[in-house]
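With numbering that gives the first Met the number 0, the residue at position 119 of the sequence shown is 118, and numbering never jumps.
Glycine included, each C-beta is placed from N, C-alpha and C at the ideal position.
Quick caveat: nothing in here was measured; it's all calculated off a predicted structure.
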Amino acid sequence: MFSSLTSSALRPTSTPFAAAAALSSSAGAHNPNKDFEVVQPPDDTVQALKFSPPALAQNFLVSGSWDNVLRVWEVKQDGSTEPKAEQRIQGPVMQVDWSDVKHSLFCNIQDGTKIFVASADRQVRVWDVSSNQVATIGQHDQTVSTCNWVHSPTYSCLITGSWDKTVKFWDMRTPNTPAGVVSMPERVYFVDVLYPMGVACLANREIKIYKLDGQPVEVKSMESPLKYQTRCVSIFKDKTNGAPVGYAVGSLEGRVAIQYVETVDPKANFTFKCHRSPELVNGFQEIYSVNDVAFHPQHGTLATVGSDGRYSFWDKDARTKLKMSEKLQNSITRCCFNKTGDIFAYAVGYDWSKGHEFHNPQTKNYIFLHACFEDLKPRVKK
Numbered sequence: 000m001f002s003s004l005t006s007s008a009l010r011p012t013s014t015p016f017a018a019a020a021a022l023s024s025s026a027g028a029h030n031p032n033k034d035f036e037v038v039q040p041p042d043d044t045v046q047a048l049k050f051s052p053p054a055l056a057q058n059f060l061v062s063g064s065w066d067n068v069l070r071v072w073e074v075k076q077d078g079s080t081e082p083k084a085e086q087r088i089q090g091p092v093m094q095v096d097w098s099d100v101k102h103s104l105f106c107n108i109q110d111g112t113k114i115f116v117a118s119a120d121r122q123v124r125v126w127d128v129s130s131n132q133v134a135t136i137g138q139h140d141q142t143v144s145t146c147n148w149v150h151s152p153t154y155s156c157l158i159t160g161s162w163d164k165t166v167k168f169w170d171m172r173t174p175n176t177p178a179g180v181v182s183m184p185e186r187v188y189f190v191d192v193l194y195p196m197g198v199a200c201l202a203n204r205e206i207k208i209y210k211l212d213g214q215p216v217e218v219k220s221m222e223s224p225l226k227y228q229t230r231c232v233s234i235f236k237d238k239t240n241g242a243p244v245g246y247a248v249g250s251l252e253g254r255v256a257i258q259y260v261e262t263v264d265p266k267a268n269f270t271f272k273c274h275r276s277p278e279l280v281n282g283f284q285e286i287y288s289v290n291d292v293a294f295h296p297q298h299g300t301l302a303t304v305g306s307d308g309r310y311s312f313w314d315k316d317a318r319t320k321l322k323m324s325e326k327l328q329n330s331i332t333r334c335c336f337n338k339t340g341d342i343f344a345y346a347v348g349y350d351w352s353k354g355h356e357f358h359n360p361q362t363k364n365y366i367f368l369h370a371c372f373e374d375l376k377p378r379v380k381k
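Rendered as structure tokens:
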């Protein structure tokens, strides 16, 4: 079923994704940006979306949705997509992450063919997409909200966060027994990990930063600079040495904060408004949730998506907007970049931001692919 998913060197591409996008004419009311449409999309809103890691030559995209289903597609350089595997579990999918191991001495997951799954049914799972088998490898006492695979020069493990107010560390050599547990003062909503940094966002708007080179050590705890509930987090790198130095968080209030963990210039930390109506509606500006945030792997620029049905690209260093998409018919719930940064994937579906009365179960969900490399180049200083 998934025999083409193998670990190897990156292959050259004969048809660049951007060139294929220039020839694409896939447009319509549901696709005002004329982006590539992923075939056989999920039947319910996408909660998790992630491209495959550098361990794999091809681009594979995994989604997890509220209908309990995991799906994987191969994304080809001509913009076409091919379904590769599908699995149904016992609860809504909250987050996914791929294995990406270079140091096979430390565990038995040696390539990018495993997908870790955090689920609302309190279970932590691993899906071996090469054999299409799913196994439970851990559990929490409440919804498992996050899962992040970590590989370092000295160890590899899975980190999960939960509404049970814990973060757990799992060694794949001894599944179902956590290698470590860190208690939190509140429910864990969102976590991002970019070794050796980890950032956990809690229900009380507290943000905790950890060093993960060895035993996890908390290096900083602070209240979010945003006044409303955190909706997403993403770590960014230093442009000169590639080390993780800070993070972006988005909130319900149409605002993003850029935060450096350590900085000598307090002005380096700032917030900006986004995902708000361009014009006044009945005398007021409509404000939408920032549902996801992601940094470009090459340029270090930023993408945000929101309940307003738009995606926007930003240069945080120049503090300017690079691009704003046309408005889609529904919210954008998740986004991600592929490993080379030429494809931006985003999921469109109802995010319940307007309540039950605005939910139409007949509305189709979509995943689109945008050729993004040029759009996200940093603004050139004059």
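Item: By Cβ distance below 6 Å, which residues in the same chain neighbour residue 209 in space, the five residues on each side in sequence not counted?; Value: 197, 215 and 217
Item: Contact defined as beta carbons within less than 8 Å: I believe residue 144 pairs with residue 117. What is the distance between those atoms, to the nearest angstrom?; Value: 6 Å
Item: Under three-state DSSP, which class holds residue 103?; Value: Caution is warranted here: a pLDDT of 44 is assigned to residue 103, below 50, making its placement in the model unreliable, and no coordinate value can be reported.
Item: What's the C-alpha gap between residue 105 and residue 178?; Value: Caution is warranted here: a pLDDT of 44 is assigned to residue 105, below 50, making its placement in the model unreliable, and the coordinate value is therefore given only provisionally. Between residue 105 and residue 178, the C-alpha separation is close to 13 Å.
Item: Note the first and the last residue of the continuous beta strand (DSSP E) segment covering residue 132.; Value: 132-138
Item: Give, in chain order, every unbroken run of the beta strand (DSSP E) that is at least 3 residues long and sits entirely within the segment 195-259.; Value: 196-201, 205-210, 216-222, 229-236, 243-250 and 254-259
Item: Taking its Cβ as the centre, do 16 or more other Cβ atoms sit within 10 Å of residue 367, making it buried, or is it exposed?; Value: buried
Item: Given a cut-off of 9 Å, decide if residue 68 and residue 81 are closer than it, judged by their beta-carbon atoms.; Value: no
Item: Is the segment 371-380 touching the segment 353-362, taking contact as three or more C-beta pairs under 8 Å?; Value: no
Item: Who are residue 183's beta bridge partners in DSSP?; Value: Its beta-bridge partners do not exist; DSSP assigns none.
Item: Specify the secondary structure class of residue 367 as computed by DSSP and reduced to three states.; Value: strand
Item: In angstroms with no decimal places, state the Cα-to-Cα distance between residue 151 and residue 193.; Value: 10 Å
Item: Quick test of your reading: residue 232 and residue 273, contact by CB under 8 Å. State the CB separation rounded to the nearest angstrom.; Value: About 15 Å separates the two Cβ atoms, so there is no contact after all.
Item: Relative to the C-alpha of residue 31, which residue among 54, 63, 328 and 343 is closest?; Value: 328
Item: With distances taken from CA atoms, which of 350, 207 and 340 is nearest residue 50?; Value: 340
Item: Assuming residue 364 contacts residue 45 (C-beta within less than 8 Å), just tell me the rounded distance between them.; Value: 7 Å
Item: Distance, Cα to Cα, residue 277 vs residue 284?; Value: 8 Å
Item: For the segment 342-355 against the segment 254-269, are there 3 or more C-beta pairs whose distance is under 8 Å?; Value: no
Item: Check the C-beta distance from residue 291 over to residue 304 and give it rounded, since I have them as a contact under 8 Å.; Value: 5 Å
Item: Leaving out the 5 sequence neighbours to the left and right, which residues in its chain are closer than 8 Å to residue 220 when beta-carbon positions are compared?; Value: 205, 206, 207 and 208
Item: For a test of the three-state rule: what should DSSP assign to residue 150, helix, strand or coil?; Value: strand
Item: When the Cα of residue 157 is compared with those of 77, 186, 235 and 211, which residue comes out closest?; Value: 211
Item: So what does DSSP say about residue 267, is it helix, strand or coil?; Value: helix
Item: In whole angstroms, give me the CA-to-CA distance for residue 181 and residue 223.; Value: 20 Å
Item: Grab me the residues of residue 66's own chain with a C-beta within less than 6 Å of its C-beta, minus the 5 sequence neighbours each way, in chain order.; Value: 42 and 43
Item: Does residue 237 pass the burial test, meaning 16 or more other C-beta atoms within 10 Å, or should it be called exposed?; Value: exposed
Item: Report yes if the CB atom of residue 293 is closer than 9 Å to the CB atom of residue 335, and no otherwise.; Value: yes
Item: Which two residues bound the contiguous beta strand (DSSP E) that contains residue 157?; Value: 155-161
Item: Rank 322, 240, 120 and 296 by C-alpha distance to the C-alpha of residue 94 and give the top, closest one.; Value: 120
Item: Could you tell me the alpha carbon to alpha carbon distance between residue 55 and residue 349, rounded to whole angstroms?; Value: 32 Å
Item: If you draw a straight line from the alpha carbon of residue 325 to that of residue 251, how long is it in whole angstroms?; Value: 21 Å
Item: When you compare only the Cα positions, how much space is there between residue 75 and residue 59?; Value: 9 Å
Item: How would you label residue 332, buried or exposed, when you count the other beta carbons within 10 angstroms and need 16 or more for buried?; Value: buried
Item: Sort 280, 302 and 228 by Cα distance to residue 235 and report the nearest one.; Value: 302
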